[in-house]
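Taking our numbering, the leading residue of the sequence shown gets 14, the next gets one more, and so forth.
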Amino acid sequence: MSIPINLTKSTLVVLNKLDKEGPMSPQDLAESSGLAMRTVTLALKTLLTGKFCRRTPNLMDMRKPLYHVDSEKIRELRRNAEITRSMAHMHIR
Numbered sequence: 014m015s016i017p018i019n020l021t022k023s024t025l026v027v028l029n030k031l032d033k034e035g036p037m038s039p040q041d042l043a044e045s046s047g048l049a050m051r052t053v054t055l056a057l058k059t060l061l062t063g064k065f066c067r068r069t070p071n072l073m074d075m076r077k078p079l080y081h082v083d084s085e086k087i088r089e090l091r092r093n094a095e096i097t098r099s100m101a102h103m104h105i106r
């Protein structure tokens, strides 16, 4: 049973940054996305809850954990978005 999560615009921005640029710390995400640190923290919490990303220790600086996307979950999210888009364009007679 999966828990429904709310993927806000900022959450999707953070998810896209991680997907395109690879593992990043919350501070790096905030700086590169232009989002407030609090917004990034909340987005990461949401993504962790939905298992869209995982947190790992940063061996270069243990104070700054790194967040990685789950590539399979990203593919699943894209497939679902395509299905939803396709269904929205269908004409019901």
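The C-beta atom is built at its ideal place from N, Cα and C for all residues, glycine as well.
Since this is a predicted model, take the numbers as computed values, not measurements.
Under the rule that 16 or more other beta-carbon atoms within 10 Å means buried, what is residue i, buried or exposed?
i: M37; result: buried
i: A94; result: exposed
i: L25; result: exposed
i: L31; result: buried
i: L72; result: exposed
Whole angstroms are fine: how far does the CA of residue j sit from the CA of residue i?
i: R67; j: H102; result: 34 Å
i: G63; j: S45; result: 23 Å
i: P78; j: S99; result: 38 Å
i: T69; j: L60; result: 14 Å
Do residue i and residue j have their C-beta atoms within less than 9 Å of each other?
i: L90; j: F65; result: yes
i: V82; j: L48; result: no
Could you pull the DSSP bridge partners for residue i from this structure?
i: V82; result: C66
Assess contact between the region 48 to 57 and the region 18 to 27, defined as three or more Cβ pairs (one per stretch) separated by less than 8 Å. Is contact present? Contact between the region 48 to 57 and the region 18 to 27 is present: three or more C-beta pairs spanning the two stretches fall below 8 Å.
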